[in-house]
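Participant:
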Amino acid sequence: MPKPIILKLGGSLIYHNNGDILRRIGSIIATYASVHPLLIVAGGGPFADLVREYGRKFGLGEETCHFMALGAMDQYAYLLREFIPGSEMTYLLNTEPLIPAGLTPPGKPLILLVSKFFSQVPEAALPRSWDVTSDSIAAYLAKRIDCSMLVLVKSTDLDPSLWEPDVDPFFRQQLPMGMPVWFINGQDPERLAGLLQVGTGRGICIPSHAFSGQLFL
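When we follow my numbering, the leftmost residue of the sequence shown carries the number 15, and every step to the right adds one.
(1) Can you give the Cα-Cα distance for F3 and V212, rounded to whole angstroms?
(2) Are the segment 132-150 and the segment 37-50 touching by the rule of at least three beta carbon pairs closer than 8 Å?
(3) Quick check: I20 and A152, are their CB atoms within less than 8 Å of each other?
(4) Could you name each continuous alpha helix (DSSP H) segment of 4 residues or more that falls completely within the segment 161-214, going from the start of the chain to the end?
(5) With a threshold of 6 Å on Cβ separation, who are the neighbours of M163 within its own chain once the five nearest residues in sequence on each side are excluded?
(6) How many Å lie between P16 and K122 at the Cα?
(7) May I ask which residues mark the beginning and end of the alpha helix (DSSP H) holding L22?
(8) Could you tell me which residues DSSP pairs with P221 in its beta bridges?
(9) Can you list, in chain order, the residues of its chain whose CB lies under 7 Å from that of L262, leaving out five sequence neighbours each side?
(10) In whole angstroms, give me the CA-to-CA distance for L169 and L155.
(11) Please confirm whether F47 and A86 have their CB atoms less than 8 Å apart.
(12) Going by the CB atoms, is the gap between L94 and I54 shorter than 8 Å?
(13) Does the beta carbon of L93 fall short of 7 Å from some heavy atom of the ligand NAP?
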């Protein structure tokens, strides 16, 4: 069985074209799930934005906001199920059962509910603060599950010379050596289709051991 691909879907995608962009991305994911085992990690989206708002309003501690933001990722994951035809969901309690067999239902994208698993990850591994976002969480999982590729689907293009500010400070620390990391602009969903079809496409590919990306047009 081929190694899985983790797709991290940015929370801001829901804001574009009244959800139509996200619906097109979901259709592409459903199509290519028969070709690759696809694991979906949700961003926080509007739910994480609300956590930030209330964190500022009430002066909530960063650890409290961290756990609330994990719950926000699960909420966005349920939303994604409505946009990805045929998808299934699972609470991620341990990464080991995902590894060699039964990785995903045949031909079905698997959306990961991550809050329970990451509430047990030691703070030494992932600090409980806003410095750790869903990008680092996706990278952590890509390493633990031994994925072939990590794809971050965002709402904008990245400048390959300035990519690091677009991810959180702990992102690179979580990546396994040599695993390709792609940044794709989700506002052009066909870029994701091309990447899943042939293994390359329009976007930025960053080997995890490198300090700069290569732009593919």
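Ideal placement from N, C-alpha and C gives every residue a C-beta, glycine not left out.
Facilitator: Reading from the atomic positions:
(1) Since the displayed the chain opens at 15 and closes at 231, residue 3 lies outside it and no answer follows.
(2) no
(3) yes
(4) Runs found: 185-188 and 203-212.
(5) I19 and P194
(6) 15 Å
(7) For clarity, residue 22 is Lys in the given sequence; the question names Leu instead. Where K22 is concerned, there is no enclosing alpha helix (DSSP H), although the beta strand (DSSP E) it sits in stretches over I19 to L23.
(8) P194
(9) This structure gives no information on residue 262, because the portion of the chain shown stretches from 15 to 231.
(10) It should be pointed out that residue 169 corresponds to Ser in this sequence rather than to Leu. Their Cα atoms are separated by approximately 22 Å.
(11) The sequence shown places Ala at residue 47, rather than the Phe named in the question. For A47 and A86, no; Cβs fall outside 8 Å.
(12) yes
(13) No copy of the ligand NAP occurs in the structure displayed, which carries no ligand at all.
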